[in-house]
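**Q**
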Amino acid sequence: MRYKLGHRHHRCGALRIGAGLSGLTAAVTLQNAGACVQIVEADAQIGGRIRALRQPVTNRALADLGPTWVWPKHQPVVARWLEILGLKTFEQFNQGDAVILGCGPPPQRQPLPGQDGMARIVGGPTALIDTLARRVGNGREGGFRGAWNRPVTL
Ligand SMILES: Cc1cc2nc3c(=O)[nH]c(=O)nc-3n(C[C@H](O)[C@H](O)[C@H](O)COP(=O)(O)OP(=O)(O)OC[C@H]3O[C@@H](n4cnc5c(N)ncnc54)[C@H](O)[C@@H]3O)c2cc1C
Numbered sequence: 001m002r003y004k005l006g007h008r009h010h011r012c013g014a015l016r017i018g019a020g021l022s023g024l025t026a027a028v029t030l031q032n033a034g035a036c037v038q039i040v041e042a043d044a045q046i047g048g049r050i051r052a053l054r055q056p057v058t059n060r061a062l063a064d065l066g067p068t069w070v071w072p073k074h075q076p077v078v079a080r081w082l083e084i085l086g087l088k089t090f091e092q093f094n095q096g097d098a099v100i101l102g103c104g105p106p107p108q109r110q111p112l113p114g115q116d117g118m119a120r121i122v123g124g125p126t127a128l129i130d131t132l133a134r135r136v137g138n139g140r141e142g143g144f145r146g147a148w149n150r151p152v153t154l
């Protein structure tokens, strides 16, 4: 197949649209199966809904702006990917009431049910995206070359 990506042409067997968690895991799966994968992403950054507020100079993640938690006990696919990628989790401190901000003053305290097995990824959820992106980028062919900022209409 021949795709036009940006101003360049690449011969590649698989095109993934979107560099969010789904797109990147699909790309790594396809690449591991021997396919040449190209990813196109409409946004200026990868990760989709997984993103973080970063320190401008060091680029250190300061706060999660999207997802924060994983539930390895209840999300076996997520747990498997964390294992494959060598990412560790740690238990979320989960005692007492949660403090809910943004529902009008004053902050509300209430129990937050359904948090059984709640964990956080060492390095934050963006570590998942960065590690996946490196795997795709290290592929023999394909990867992200010249593919950014180019929405695809099917
Ligand atoms: C505030 C918030 C908190 C959350 N908290 C949690 C949590 O704690 N735990 C949890 O498990 N989940 C949580 N989620 C859900 C989780 O973030 C999403 O399920 C997951 O990130 C979705 O990934 P995705 O790849 O399917 O989609 P997306 O992240 O939406 O990625 C899709 C990508 O495709 C790109 N794209 C779309 N159309 C085109 C096009 N035509 N051409 C090129 N590119 C295109 C988009 O720009 C985007 O980068 C939360 C979500 C939000 C918003």
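Numbering of the sequence shown is given in the UniProt record's numbering, commencing with residue 1 and proceeding in unit increments.
In this text, a Cβ means the ideal position worked out from N, Cα and C, and glycines have one as well.
#1: For my contact list, residue 99 and residue 107 are in at a C-beta cut-off of 8 Å; report their separation, rounded to the angstrom.
#2: Let me know the secondary structure DSSP gives residue 65 once reduced to three states.
#3: Judging by CA-CA distance, which residue of 17, 97 and 67 is the nearest neighbour of residue 157?
#4: Check residue 84 in the structure and name its three-state DSSP category.
#5: Quick check: is any heavy atom of ligand 1 less than 7 Å from the C-beta of residue 50?
#6: Between which two residues does the alpha helix (DSSP H) containing residue 136 stretch?
#7: Hey, is the stretch 35 to 45 in contact with the stretch 55 to 66, meaning 3+ C-beta pairs nearer than 8 Å?
#8: Could you check whether the Cβ of residue 68 sits closer than 7 Å to any heavy atom belonging to ligand 1?
#9: Confirm, please, whether the CB-CB distance from residue 81 to residue 25 is below 8 Å.
**A** Quick answer:
#1: 5 Å
#2: coil
#3: Because the chain in this structure spans residues 1 to 154, residue 157 falls outside the shown range and cannot be described.
#4: helix
#5: yes
#6: 125 to 137
#7: no
#8: yes
#9: yes
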